[in-house]
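Note sheet for the following structure.
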Amino acid sequence: MPEANIYDPDLLTNRVLRGLAIALTVLAIVLSALNIYLEQYSLAVFEWGLALACIFVYFQIERHKLTFLQSLIVPYFLAIVVIFGTVGAPVQNGLYLWTLILPTIFYLLYGRDHGFWATLIIGVIQLINILSKDSSAFYEVERIATNFALAYLTLWVVSRAYEINRKKAQLALQQLALKDSLTQAYNRLGLKQYFRDAVKSSNLSLVMLDIDFFKKINDDYGHEAGDQILQQVTQLMQKIAGEQSVFRLGGEEFCLLLQMPKAEAANIAEECRVLVESSVFHYKNDTLKCTFSGGVAGIGGKADKDLSQLLAEADKKLYQAKHNGRNQIVVD
1 MPEANIYDPD LLTNRVLRGL AIALTVLAIV LSALNIYLEQ YSLAVFEWGL ALACIFVYFQ
61 IERHKLTFLQ SLIVPYFLAI VVIFGTVGAP VQNGLYLWTL ILPTIFYLLY GRDHGFWATL
121 IIGVIQLINI LSKDSSAFYE VERIATNFAL AYLTLWVVSR AYEINRKKAQ LALQQLALKD
181 SLTQAYNRLG LKQYFRDAVK SSNLSLVMLD IDFFKKINDD YGHEAGDQIL QQVTQLMQKI
241 AGEQSVFRLG GEEFCLLLQM PKAEAANIAE ECRVLVESSV FHYKNDTLKC TFSGGVAGIG
301 GKADKDLSQL LAEADKKLYQ AKHNGRNQIV VD
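Quick note: the sequence shown, position 246, residue 246 per UniProt numbering, numbers continuous.
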């Protein structure tokens with residue numbers, strides 16, 4: 001199942017990046033003015049470059065035109081400014097301390113893998129920069145490097161642990177939102193998400209299914225029996241069609257979304273129908289039987305239908321199957 005868009009990682013990245021761009025623009029302008037006063041002109045030029053980069057990224061976000069490569073500009077430009085400042089300034093100025101904010105920024109913006117490599121490479125470069133400085137009567141470079149490395153490593157571990165657990169929580173929430181709580185089949189929101197990705201396929205078919213006389217089961221045996229029927233029918237269909245292809249739309253209505261031509265999808269639906277019809281369902285001391293009807297709709301070589309059109313077409317075929325006597329699959 002593709003990742004859902006109920007949580008949009010690009011939206012989070014853009015919000016964090018927007019705030020970072022605003023803060024760094026103000027900070028870079030202030031620091032560049034200070035460095036001009038201190039006659040550190042080369043560092044001031046880098047800081048003005050950072051400010052301009054932040055302004056560019058901010059307006060790209062506002063216009064919804066920010067690309068992934070453009071999103072890399074601000075954090076990597078910041079890293080370059082910090083590294084350059086560390087190289088050119090005496091160690092007692094403490095510019096290297098800005099390196100400590102970079103692990104959190106990279107993990108938050110780009111995730112575990114990108115964050116790991118960016119944090120590792122920047123940390124190694126800065127450690128080399130610090131160790132290349134000369135010690136004095138007031139400080140020892142080795143001690144500064146050791147303390148920097150330990151602080152950097154601590155923030156690295158914390159940032160990585162946070163990102164891993166945030167990702168797990170995100171996936172858990174996605175599954176909770178995309179699945180039906182009773183049957184654990186994917187729900188209508190899951191169908192919309194899956195359709196958006198699957199519609200790129202050259203052949204896509206949707207089978208609308210409805211359990212026959214389900215109201216009578218509820219009336220005769222109670223809603224608990226009906227719930228068990230829904231759960232067991234879902235499991236049987238998942239055995240044939242696969243867990244990712246079965247969706248519960250609500251009540252006794254299901255659908256199968258299959259990346260195959262209509263004829264093949266109809267065969268899968270027929271296998272499901274035969275399996276359900278031949279199965280015996282038990283509720284307390286009662287033995288129950290049930291069947292379902294289905295209608296098949298499809299998209300050919302080009303995606304000329306949206307989900308609502310496909311559902312409407314399949315629903316018409318389902319109505320025809322009901323009208324013809326139920327317990328059958330209608331294709332054309």
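C-beta: ideal position from N, C-alpha, C; glycine also. Just so you know, these numbers come straight off a predicted model, no measurement behind them.
DSSP state of residue i mapped onto helix, strand, coil
{"i": "Glu243", "result": "helix"}
{"i": "Gly115", "result": "helix"}
{"i": "Val331", "result": "coil"}
{"i": "Asn165", "result": "helix"}
{"i": "Gly123", "result": "helix"}
{"i": "Asn129", "result": "helix"}
{"i": "Phe138", "result": "coil"}
{"i": "Arg326", "result": "coil"}
{"i": "Glu3", "result": "The pLDDT assigned to Glu3 is 44, lower than 50, so where the model puts this residue is not dependable, and the model offers no usable value."}
Alpha-carbon to alpha-carbon, residue j and residue i
{"i": "Met237", "j": "Cys272", "result": "5 angstroms"}
{"i": "Tyr58", "j": "Ala314", "result": "46 angstroms"}
{"i": "Val158", "j": "Val82", "result": "21 angstroms"}
{"i": "Tyr107", "j": "Ala23", "result": "18 angstroms"}
{"i": "Thr13", "j": "Lys179", "result": "26 angstroms"}
{"i": "Leu112", "j": "Ser132", "result": "The question names Leu, but residue 112 in the sequence shown is Arg. Each residue's alpha carbon lies about 30 angstroms from the other."}
{"i": "Tyr96", "j": "Leu11", "result": "31 angstroms"}
{"i": "Tyr283", "j": "Ser181", "result": "20 angstroms"}
{"i": "Asn324", "j": "Leu318", "result": "10 angstroms"}
{"i": "Ser136", "j": "Ala89", "result": "15 angstroms"}
{"i": "Gln184", "j": "Tyr76", "result": "43 angstroms"}
{"i": "Leu288", "j": "Gly251", "result": "18 angstroms"}
{"i": "Lys215", "j": "Lys322", "result": "15 angstroms"}
{"i": "Gln60", "j": "Leu17", "result": "11 angstroms"}
{"i": "Gln309", "j": "Arg188", "result": "15 angstroms"}
{"i": "Ala172", "j": "Leu72", "result": "28 angstroms"}
{"i": "Thr86", "j": "Phe68", "result": "28 angstroms"}
{"i": "Ala79", "j": "Phe46", "result": "11 angstroms"}
{"i": "Trp98", "j": "Ala169", "result": "30 angstroms"}
{"i": "Leu275", "j": "Ser293", "result": "13 angstroms"}
{"i": "Asn35", "j": "Leu43", "result": "7 angstroms"}
{"i": "Arg248", "j": "Asp306", "result": "19 angstroms"}
{"i": "Leu38", "j": "Gln92", "result": "15 angstroms"}
{"i": "Asp134", "j": "Phe148", "result": "16 angstroms"}
{"i": "Ile267", "j": "Thr291", "result": "Checking the displayed sequence, the identity of residue 267 turns out to be Asn instead of Ile. If you take the alpha carbons of Asn267 and Thr291, they lie about 16 angstroms apart."}
{"i": "Phe254", "j": "Val74", "result": "47 angstroms"}
{"i": "Leu27", "j": "Met260", "result": "56 angstroms"}
{"i": "Tyr41", "j": "Gln244", "result": "60 angstroms"}
{"i": "Gly19", "j": "Glu62", "result": "12 angstroms"}
{"i": "Ile105", "j": "Asn218", "result": "55 angstroms"}
{"i": "Ala166", "j": "Gln228", "result": "In the sequence as displayed, the identity of residue 166 is Arg instead of Ala. The straight-line gap from Cα to Cα measures roughly 35 angstroms."}
Check: residue i C-beta below 8 angstroms from any heavy atom of the ligand NAD
{"i": "Val82", "result": "Absent from the structure shown: the ligand NAD. Ligands present: none."}
Endpoints, alpha helix (DSSP H) assigned at residue i
{"i": "Thr99", "result": "No alpha helix (DSSP H) holds Thr99; DSSP gives it neither H nor E."}
{"i": "residue 339", "result": "Within the shown structure, residues of the chain are numbered from 1 to 332, placing residue 339 beyond reach of any answer."}
Interface flag, residue i vs chain D, CB-CB below 9 angstroms
{"i": "Ile122", "result": "Absent here is chain D; the protein component of the structure consists of one chain."}
The region 118–130 / the region 145–160 touching (three or more Cβ pairs under 8 angstroms): yes
Completely contained alpha helix (DSSP H) runs for the region 175–239, where each covers 4 or more residues: 188–198, 214–221
Meets three-Cβ-pair contact criterion under 8 angstroms: the region 188–200 and the region 130–150: no
Ordered list of alpha helix (DSSP H) runs contained in the region 6–69, each at least 4 residues: 9–37, 41–62
Cβ contact (3+ pairs, closer than 8 angstroms) linking the region 208–217 and the region 225–234: yes
Runs of beta strand (DSSP E) lying entirely within the region 248–321, each at least 3 residues, in chain order: 253–258, 281–283, 286–288, 292–299
Inter-stretch contact (C-beta, 8 angstroms, three-pair minimum) for the region 322–331 and the region 284–301: yes
The region 18–32 contacting the region 52–68, beta-carbon criterion three pairs below 8 angstroms: yes
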